[in-house]
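Colleague: Chains as they are written, first to last, in the numbering used here: chain A, 248 to 484; chain B, 248 to 484. We put the CB at the ideal spot given by N, CA and C, even for glycine. Mind looking over this structure? Questions follow.
There are 2 protein chains.
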Amino acid sequence: MTPEPNILIVDDEAAIRDMIGIALDTAGFRSTTASTALDAHVNIIDQRPDLILLDWMLPGGSGIELARRLKRDELTASIPIIMLTAKTSEDNKVQGLDVGVDDYVTKPFSPRELVARIKAVLRRSTGNLKDKPIRVFDLEMDPASHRVMVEDRAVEMGPTEYRLLNFFMTHPEKVYSRDHIQDQVWGANVYLEERTVDVHIGRLRKALSAASKTGINYSALIQTVRGAGYRFSTRHN
Amino acid sequence: MTPEPNILIVDDEAAIRDMIGIALDTAGFRSTTASTALDAHVNIIDQRPDLILLDWMLPGGSGIELARRLKRDELTASIPIIMLTAKTSEDNKVQGLDVGVDDYVTKPFSPRELVARIKAVLRRSTGNLKDKPIRVFDLEMDPASHRVMVEDRAVEMGPTEYRLLNFFMTHPEKVYSRDHIQDQVWGANVYLEERTVDVHIGRLRKALSAASKTGINYSALIQTVRGAGYRFSTRHN
DNA sequence: ATTATTTGTCATCAAAATGTAACATTGCAT
DNA sequence: ATGCAATGTTACATTTTGATGACAAATAAT
């Protein structure tokens, strides 16, 4: 992901959105906002925020519904949610726990507390899945240290190439169209020239080729499938 | 699995239906329209569109109701829905997030955005149903990796030969006329010289022959049926 | 501010795929 | 066997598709 986590603030009161926005900014997060559940959902589909701050009391009572929906959908289930709630009453919390929300902050809260909780939740959630290194022959990707190694030497590449390689290594032995790759690596609903994918594939290949001293060409793992897209595969073309 | 996805536009305003229709047309989609939820429902059962663009604010029954019904019915639940919503104050009626809609587009929208979202949603929904590999003796076709293997070695062939083989392997033991093969492999409404099929059959056979090291000739699976066409069969000619 | 890095797009070149026609071969009816 | 229609094969011009270097805008680093 990006260096600074991207946080979505969902609240119908502009004042609260602004307040939180500033607090997050100061703490080094990026943030976007939405005032309705609908806006929020669109934003989530498009941007895949790293965390969602969700007001419990959205008009129509839709905050909790949104949370439930997000947790049920496979694509969004892993995005942590912190509920903002005015009430301290227990039944709310019980309901929310049901849904699978990650934490609560009760209004009024201090920015300091909010940030602390955000960090805690992020730490928990990012520590989970990402951390296992993937290795193919002597090509190793370690998400924890955000590093790619060939024959135990670091490989230099840009962030986009890193994400690209990461996508491929986590989805081996399958073709992906350029469109698909754009979705996965750049995000859905980002429009780029189709050939842009080619260029980045090229850069990734170059980086991998340059890295090997043993003559094994790791760029061969990234195979062109004419008329279909690209494939990461250990088997021969 | 038609070449162009068929999209149903449901909106009560004719102007909007037309506008969207044109946009989709330009983008290479086919589209049909409905102005009421009832019309839409009939159309959906009839035509099985690949995706539904559904106006949130349909007169009377409202689009949300329809969406909910479709998502509850097992037969239609898998058809992706994109909701068209007015920008403003639908806040109170937002009860329907739960419904399971796949994306939203807020009016007014650009055709470009609409098309981008449609493509993204289609990609997501069709990508899920992974086809299973088909195997005949030591000839294996794996649609996921877009690969043909003979005795565990990759077979090289052009995209057209791949589609051709795919068609045969999914429709074995039946004769198909050259016309029929053209329809299936090149798509309807493409006119080619009839002999073109022969040439590609030839290329496919050559690719299969060249692939085997054990002397088994897999090109024999593609049998000529004089006066009728071709057949893919494991039984002898 | 200046410099370096990264990014997306474009133009260009090279390679692969495609459709067609011409020619060769096969198999069947007589 | 003979002739003919159907099919196989080959060569080739054209079209598609992918790779790559160059460049300018955007972004991050100093």
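Report all residues from its chain with a CB closer than 6 Å to the CB of Ser456 of chain B; omit the five preceding and five following residues, and keep chain order.
Modeller: Asn464, Ser466
Colleague: Taking its Cβ as the centre, do 16 or more other Cβ atoms sit within 10 Å of Arg276 of chain A, making it buried, or is it exposed?
Modeller: Here residue 276 of chain A turns out to be Phe, not Arg, going by the sequence shown. Label assigned to Phe276 of chain A: buried.
Colleague: Given this structure, state the Cα-to-Cα distance separating Val352 of chain B from Ala281 of chain A, to the nearest angstrom.
Modeller: 15 Å
Colleague: Distance, Cα to Cα, Thr471 of chain A vs Asp385 of chain A?
Modeller: 21 Å
Colleague: Let me confirm a value: Asn339 of chain B is counted as buried when at least 16 other C-beta atoms fall within 10 Å, else exposed. Which label applies?
Modeller: Summary for Asn339 of chain B: the model assigns pLDDT 40, below 50, so the residue's position carries little reliability; its value from the coordinates is reported in the next sentence. Classification for Asn339 of chain B: exposed.
Colleague: Who are the neighbours of Ala475 of chain A on chain B, taking C-beta pairs under 8 Å?
Modeller: His393, Pro406
Colleague: For chain A, check one thing: does any of its Cβ atoms lie closer than 9 Å to the Cβ of Glu321 of chain B?
Modeller: no
Colleague: On the CB-based measure, 16 or more other CB atoms within 10 Å of its CB, does Gln294 of chain B come out buried or exposed?
Modeller: Residue environment: Gln294 of chain B is assigned as exposed (fewer than 16 neighbouring CB atoms within 10 Å of its CB, all protein chains considered).
Colleague: State the Cα-Cα distance for the pair Ser336 of chain B and Asp286 of chain A, rounded to the nearest angstrom.
Modeller: For Ser336 of chain B, the predicted model reports a pLDDT of 49, less than 50, meaning its position is unreliable and no value from the coordinates is stated.
Colleague: Using only alpha-carbon positions, find the residue among A:Arg394, A:Ile263, A:Asp445 that is nearest to Pro358 of chain A.
Modeller: A:Ile263
Colleague: Who pairs with Ala333 of chain B in a beta bridge, going by DSSP?
Modeller: DSSP links Ala333 of chain B through a beta bridge to B:Lys354.
Colleague: Nearest CA to the CA of Met304 of chain B: which residue from B:Leu313, B:Asp297, B:Pro419?
Modeller: It is B:Leu313.
Colleague: Starting from Arg489 of chain A, trace the beta strand (DSSP E) in both directions and tell me its first and last residue.
Modeller: Here chain A comprises residues numbered 248 to 484, so residue 489 of chain A is not present and cannot be evaluated.
Colleague: What first and last residue would you give for the beta strand (DSSP E) that runs through Glu387 of chain A?
Modeller: For Glu387 of chain A, the enclosing beta strand (DSSP E) starts and ends at 386-389.
Colleague: Within the continuous alpha helix (DSSP H) that includes Val490 of chain B, where are the two ends?
Modeller: Residue 490 of chain B falls outside the range modelled here, since chain B spans only 248 to 484, and no answer is possible.
Colleague: Give me the residue from A:Arg370, A:Ile292, A:Asn290, A:Arg382 with the minimum Cα distance to Glu251 of chain A.
Modeller: Nearest neighbour of Glu251 of chain A by Cα position, chosen from A:Arg370, A:Ile292, A:Asn290, A:Arg382, turns out to be A:Arg370.
Colleague: Compute the beta-carbon to beta-carbon distance between Met388 of chain B and Leu412 of chain B, rounded to the nearest angstrom, for a pair I have assumed lies under 8 Å.
Modeller: Their Cβ separation, rounded to whole angstroms, is 6 Å, which keeps Met388 of chain B and Leu412 of chain B in contact under 8 Å.
Colleague: Measuring only the C-alpha atoms, how far is Leu468 of chain A from Val397 of chain B?
Modeller: Across the structure, Leu468 of chain A and Val397 of chain B are spaced so that their CA atoms are roughly 20 Å apart.
Colleague: Compute the Euclidean distance between the alpha carbons of His418 of chain A and Phe479 of chain A, then round it to the nearest angstrom.
Modeller: 8 Å
Colleague: Would you say Lys318 of chain B reaches chain A, if we count a Cβ-Cβ gap shorter than 9 Å as a contact?
Modeller: no
Colleague: In chain order, what residues of the segment 278-304 of chain A put their CB closer than 7 Å to some CB of chain B?
Modeller: Thr283, Ala284, Leu285, His288, Val289, Ile292
Colleague: Could you name the residues of the segment 419-449 of chain A whose beta carbon sits closer than 7 Å to any beta carbon of chain B, in the order they occur along the chain?
Modeller: Glu420, Lys421, Val422, Asp426, His427, Asp430, Ala435, Asn436, Tyr438
Colleague: Residues of chain B with CB closer than 9 Å to the CB of Ser459 of chain A, please, in chain order.
Modeller: Residues of chain B passing the Cβ test: none, with the nearest at roughly 23 Å.
Colleague: Kindly list, in the order they appear in chain A, the residues whose Cβ is closer than 8 Å to that of Asp487 of chain B.
Modeller: In the structure as shown, chain B begins at 248 and stops at 484. Residue 487 of chain B is therefore absent and cannot be evaluated.
Colleague: Tell me which same chain residues have a C-beta within less than 7 Å of the C-beta of Lys460 of chain B, skipping the five on either side of it?
Modeller: Glu398
Colleague: Determine the direct distance from the alpha carbon of Asp265 of chain A to that of Met248 of chain A, and round the result to whole angstroms.
Modeller: Low confidence applies here, because Met248 of chain A scores a pLDDT of 43, under 50, leaving its location unreliable; read the following figure in that light. Answer to the nearest angstrom: the Cα atoms are 25 Å apart.
Colleague: Is there at least one Cβ from chain A nearer than 9 Å to Ala401 of chain B's Cβ?
Modeller: yes
Colleague: Closer than 6 Å by C-beta to Arg442 of chain A: which residues in its own chain qualify, once you throw out the five before and the five after it? Chain order, please.
Modeller: Excluding sequence positions up to five before and after Arg442 of chain A, its CB lies less than 6 Å from no other CB in the same chain.
Colleague: May I have the straight-line CA-CA distance separating Ser196 of chain B from Ala435 of chain A, to the nearest angstrom?
Modeller: Outside the displayed range of chain B (248 to 484) lies residue 196 of chain B, so it cannot be described from this structure.
Colleague: Let's see if you can read the secondary structure: which residues bound the beta strand (DSSP E) around Gln470 of chain A?
Modeller: 469-472
Colleague: I'd like to know whether the C-beta atoms of Ala488 of chain B and Gly310 of chain B end up nearer to each other than 9 Å.
Modeller: The structure shown has nothing for residue 488 of chain B, since chain B only spans 248 to 484.
Colleague: Where does Tyr423 of chain A land, buried or exposed, given buried means 16+ other C-beta within 10 angstroms?
Modeller: buried
Colleague: DSSP on Phe414 of chain A, reduced to helix/strand/coil?
Modeller: helix
Colleague: Which residue or residues does DSSP assign as beta-bridge partners of Ser278 of chain A?
Modeller: A:Ile254
Colleague: Any beta-carbon of chain A closer than 9 Å to the one on Lys366 of chain B?
Modeller: yes
Colleague: How many Å lie between Leu317 of chain B and Ala324 of chain B at the Cα?
Modeller: 6 Å
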